[in-house]
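All residue numbers for the sequence shown refer to numbering that gives the first Met the number 0, where the first residue is 0 and numbers rise by one.
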Amino acid sequence: MPLSLNTTDQLPVVRGKETQPCSLHGFHAGLSDAFVQLPAGAHIQVVLVSQTRFEQLATATGDPQTLEVIHRSNSANIHPQRFAEISSLIQAQLMGGGQEDLVEVAALETLSPHQLQGTASGELGVEAGLMKDLVAWGFKNTGQAITLNDLSATIFASRSSIVHHCRQSFGTGPMALLKQIRLSQVHHALSSPEVQQAIGGSTVHEIACHYGFQSRNHFARDYRNQFGESPSATLQRASAPGMSVQSVSVAQSPQMAMALR
0 MPLSLNTTDQ
10 LPVVRGKETQ
20 PCSLHGFHAG
30 LSDAFVQLPA
40 GAHIQVVLVS
50 QTRFEQLATA
60 TGDPQTLEVI
70 HRSNSANIHP
80 QRFAEISSLI
90 QAQLMGGGQE
100 DLVEVAALET
110 LSPHQLQGTA
120 SGELGVEAGL
130 MKDLVAWGFK
140 NTGQAITLND
150 LSATIFASRS
160 SIVHHCRQSF
170 GTGPMALLKQ
180 IRLSQVHHAL
190 SSPEVQQAIG
200 GSTVHEIACH
210 YGFQSRNHFA
220 RDYRNQFGES
230 PSATLQRASA
240 PGMSVQSVSV
250 AQSPQMAMAL
260 R
């Protein structure tokens, strides 16, 4: 069960809904994905806890109402002190502090109905649902040629609706957004030997071609613009000892994040 916290003044949009300061997101037990739009400058913490252990703990402590919260809600506004406490515990876990049990206990206390200042269900509106389908198409169709006509036929929306809602949600057109998704896939593959083994490519060129990039010059330029470094630098850093990813930050431009659970 994922728990995410926004730790900056920039407020992300979670499943199409604007968030509030001091809020916790992503814990809805019935949702199969996380869908977040991150503004420029956003910095979020994300931690995974065991849903089974969380439910067992809630049952053992006689707090079944908390289980109702995670089964009907996806975002919760919490007290600033609670927010600071759980943020510190998550940061400690991200740094390898072994705080899993403490995070689960803190989440249980935080999500108790009498502690909450408001919740949101996580249901998607029409616009957010369309953008989720667009992003999902981008992740599932690695290497396939991108055309607006294909998108329109696949996600059952008009070309104008796709363009309008994409620009409104992400500040860019659908073709540019899908290119960002593929560049993100390349970045992940360059950073992960496991992904390289899975796709059968270990060089920058092999990985870029796997994700549909044919022009080396255009690819290298677009990659540097999005990530601030060359693809070869990412590949070299991934093999360096002691490197780890601890959180997610967006430095230059609005981005989206979607992950299957």
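Where a beta carbon is used, it is the ideal one built from N, C-alpha and C, also for glycine. Here the structure is a predicted model, which is why all the values come from computation and not from measurement.
query	result
What is the rounded straight-line gap between the Cα of V125 and the Cα of S238?	43 Å
Taking DSSP as the reference, what is the three-state secondary structure of Q36?	strand
Starting from V125, trace the alpha helix (DSSP H) both ways and give me its first and last residue.	V125 to K139
Count the other C-beta atoms from every protein chain shown that fall within 10 angstroms of the C-beta of G117, then say buried if there are 16 or more, exposed otherwise.	exposed
Keeping to the same chain, check which residues put their C-beta closer than 7 Å to that of P173; ignore five residues upstream and five downstream.	L133, L147, L150, I161, V162 and C165
Given that a residue counts as buried once 16 or more other Cβ atoms are within 10 Å of its Cβ, and exposed if not, what is F155?	exposed
Apply the 10 Å Cβ neighbour rule to P230 and answer buried if 16 or more other Cβ atoms are within range, or exposed otherwise.	buried
Per DSSP, L4 is paired with what?	L23 and Q44
Using the C-alpha atoms, what's the distance from I43 back to T7?	8 Å
Starting from T51, trace the alpha helix (DSSP H) both ways and give me its first and last residue.	Q50 to A59
Run through DSSP, which three-state label would A119 get?	strand
State the CB to CB distance for the pair T233 and L189, rounded to an integer number of angstroms; the pair is presumed to be in contact (CB under 8 Å).	4 Å
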